[in-house]
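Listed in order, the protein sequences are those of chains R and Z. Letter by letter, the first sequence follows residues -8 to 232 in my numbering. Letter by letter, the second sequence follows residues 761 to 996 in my numbering. The C-beta atom is built at its ideal place from N, Cα and C for all residues, glycine as well. No experiment lies behind these values; they were computed from the predicted model shown.
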Amino acid sequence: MVTKKNTLMPIKVKKLNFEKGHRKLLTDISCEIKAKGITIILGPNGAGKTLFLKCLHGLISYSTSEVTFANKTLNKSIRKQQSMVFQSPILLRRSVFKNISFALQQRSKIINKEKILKVLKRVDLLNLVNENAIFLSGGEKQRLCLARAIVTLPKVLFLDEATSNLDPYSIQIIEKIIKEVNRKGTKVIAVTHDLLQAKRLADDIIFINKGKISEFTSAKIFFSKPKSREGKLFIAGNLVV
Amino acid sequence: MNIYWDSIFTAINLIVSLDKKLIEVFFLSFKVTIIALFISCFIGLPLGTFLATQRFKGRNLLIGIINSLMSLPPVVVGLFVYINLSRSGPFGWLGILYTPAAMIIAQIVLILPIIAGLTTQIIEDLQENYNDLFVSLVTPKVTTIKAYIIDARYSLITAVLAGLAKGISEVGAVIIVGGNIDHLTRVMTTTITMETSKGELSLALALGIILLITSITINLIVTYKKYNLKDRYYGN
C-alpha cells in the first residue's frame, strides 16, 4: 500500500487561549502534531479536549493564537481538506444515501454513486441506503457520520468521542476504519475518555487537564511511565477536574 | 334560527347553480391570495432562514421588527399601500391603485412578516442541531439556507398555512386599495362586508359559509398531507 504524503501536516499550535466570559477554558496551548500515526487527546471531563479539537478544525474562532497546517494559517481551503465526526451524530433529515451525497457535493460537483455505495459497504450500512437517517440506531448513525467524513478523503480526520455509548460491533467497525484511513495517509486526531481504546489506537497522546497540555508524548511512554502527576492520576482513575 | 337555514339554502343554491358572481369573486379571492402567498414564501422562507442562521449586527432588532409586523393592523397596511400607490404617492406612476395588483401588494405586506417570522423560529431550532456540521463541511451560505428549508419543510407548511389564513380572511387592506369594484376587485371578504351593510344578511352569511368551508377544507387537506408524508418519511 502506497501512503501519500500528507500535505496538511504538521499542525502547529502557538499559544492557543480561549476564554468564555471570565472563564479561561484553554490556556497557552502550544504543540506540534506530526503527520505520522493516530493522535489521541485524553483528559477528564471538562478539561477542554473537545474545545481544543474544535479550535483545530476551525469550528470555534479564537484570536490570540495561530494554528497552522503545513505552515499555512487555517483557512477555508484547508478546512475543506478536513472532516469531523461529532460526539452526538448530526444527520440531515434525509436518506442515508443523501446524507453522504450532501457531504460529497460540498467537495465536488459530481456525485459518484459507486463511491457512496462503497463507503456504505465499509461501514456495513449498504442495506439501509434508502432508509431515512433518523430511523437508524445510535451505532448506525455514528457509522454513517464516519462514512460521510471519510467519503471526501480528508487529509485530517477529527473524531470527538465518536464511539462513546456504542455497542462493541460499531466500535470495532469504527476503529478498523480509523486505522485503515490512517494507514492510507489521513492524519487522525481523536478525543476519547476510553483508556482501552486509546491504548488500542494511539501513537501519540495529548493529555489535557484544566485547559492546559499536561503531557504530549508517545502512547507507549504515556501508558507505561507518564511524566505528569495528572497523567498518573488519570490512568489510575483518580483525576477529576 | 331562520337566518342560518336561509343562509345555508342560499349557499347551496349559489354553489349548485354555479352563480357567475360567486365564481368570479371566489376565484379572484384565491388568485390574489395565492399570488401574494407565493411571493411572500419566495421572499419570506429564505429571509427567515437567513435571519435564523446568520449572526450580524442588528439581527435581533430585525427579528424584533419582523415579529412586530406579524400583528400589523390590516387597515393601517391598506392605508399605507394606498398612500404609496395613489397618484400623489411615490408609486402613483404605476397606476395600479384599485386593481388586483394593489390588493396583492397589500396582502404581501401582511403575509410576508408571518412567513418570515415563523420561518425564523422554526429554523432556529434546527440550526442548533445542524450548525457544526455545515461549518465543518464549509457549506456555502446559499446551500445552507436551501438545506434548512428542505429539512424543515414539514414544519414550514404550518407557516405557509398561517399566511394563507391571513390572506384569505383579510378585508381591511384589500377594500382600501382595491375599492371593492364589481367585476374588477370584488373578492369574497369585501362582498360579505358590502352585503352586510346592504342588509342582505342571508347572502353575506352564505358567502361566509362558502369562505369558511373552502378555508377549512384547504387547511385539512394540507395538514393531512403534511402528516401523511411526515409519517411515511419519519415514521412518527
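With a threshold of 7 Å between beta carbons, Val902 of chain Z makes no contact with chain R.
Straight through space, the alpha carbons of Leu822 of chain Z and Leu788 of chain Z are spaced by roughly 33 Å.
Taking the Cα of Ser831 of chain Z as reference, the smallest distance to any Cα among Z:Glu784, Z:Ala922, Z:Ala812, Z:Gly968 is reached at Z:Ala922. In this structure, Ala193 of chain R lies near Ala210 of chain R, with their beta-carbon atoms less than 7 Å apart.
Less than 7 Å separates the beta-carbon of Ile883 of chain Z from that of Tyr908 of chain Z.
Residue range 104 to 113 is occupied by the alpha helix (DSSP H) that includes Lys109 of chain R. In this structure, Ser800 of chain Z sits near Ile871 of chain Z, with a CB-CB distance shorter than 7 Å.
Counting only runs of 3+ residues, the beta strand (DSSP E) found wholly inside the segment -5 to 39 of chain R occupies 2 to 11, 14 to 24, 29 to 33, in chain order. Between Leu924 of chain Z and Ala876 of chain Z a beta carbon distance of about 15 Å is seen, past the 8 Å cut, so the two are scored as non-contacting. In the structure shown, Val58 of chain R falls within a strand segment according to DSSP collapsed to helix, strand and coil.
For Lys178 of chain R, the enclosing beta strand (DSSP E) starts and ends at 178 to 182.
Counting only residues of its own chain and dropping the five nearest sequence neighbours on each side, Ile51 of chain R has a CB closer than 6 Å to the CB of Lys45.
Taking 7 Å as the CB threshold, Leu893 of chain Z lines the interface with chain R.
For Leu897 of chain Z, a Cβ of chain R is located within less than 7 Å of the residue's own Cβ.
The DSSP-derived three-state label of Leu878 of chain Z is helix. According to the DSSP assignment, Asn200 of chain R belongs to the beta strand (DSSP E) that extends over 195 to 200.
Residues of chain Z whose Cβ lies closer than 8 Å to the Cβ of Leu50 of chain R are, in chain order, Asp892, Val895, Ser896.
Cβ neighbours of Ala796 of chain Z within its own chain (closer than 7 Å, five residues either side excluded): Ile864, Gln867, Ile868, Ile871, Gly927. A direct Cα-Cα distance of roughly 21 Å separates Leu148 of chain R from Phe88 of chain R. For Asp911 of chain Z, the nearest CB of chain R lies under 7 Å from its own CB, placing it at the interface with that chain. For Met0 of chain R, the nearest beta carbon of chain Z is not closer than 7 Å to its own beta carbon. In the same chain as Asp19 of chain R, and ignoring 5 residues on each side of it, the C-beta atoms closer than 8 Å to its own belong to Lys6, Leu7, Asn8, Lys203, in chain order.
The residue among Z:Thr953, Z:Thr983, Z:Ala771 with its C-alpha nearest the C-alpha of Leu916 of chain Z is Z:Thr983.
Runs of alpha helix (DSSP H) with 4 or more residues, each lying fully within the segment 866 to 938 of chain Z, are found at 901 to 911, 913 to 928, 932 to 938, listed in chain order.
When 8 Å is used as the limit between beta carbons, Ala907 of chain Z is near these residues of chain R: Leu83, Phe93, in chain order. The beta-bridge partner set that DSSP reports for Leu148 of chain R consists of R:Ser74, R:Val179. The straight-line gap separating the alpha-carbon atoms of Trp853 of chain Z and His943 of chain Z is approximately 24 Å. Checking the DSSP bridge columns, you'll see Lys170 of chain R has no partner listed.
In the DSSP assignment, Ser828 of chain Z falls outside any beta strand (DSSP E) and within the unbroken alpha helix (DSSP H) covering 819 to 829. Under the DSSP assignment, Ser957 of chain Z falls in the alpha helix (DSSP H) whose first and last residues are 948 to 958. Sequence-distant partners of Val841 of chain Z (beyond 5 residues in either direction) whose C-beta falls short of 6 Å from its own C-beta, in its chain, are Ile865, Ala866, Val937. The alpha-carbon of Val120 of chain R is positioned some 12 Å away from that of Glu105 of chain R.
No residue range can be given for Glu122 of chain R, since it is assigned to no beta strand (DSSP E) and is classified by DSSP as neither H nor E. By the Cβ criterion, the segment 149 to 168 of chain R is in contact with the segment 178 to 197 of chain R, since at least three pairs of Cβ atoms, one from each stretch, lie closer than 8 Å.
Neighbourhood of Asn820 of chain Z in chain R, by CB distance below 9 Å: empty, with the nearest CB roughly 20 Å away. Around the beta carbon of Val179 of chain R, 16 or more other beta carbons lie within 10 angstroms, which makes this residue buried.
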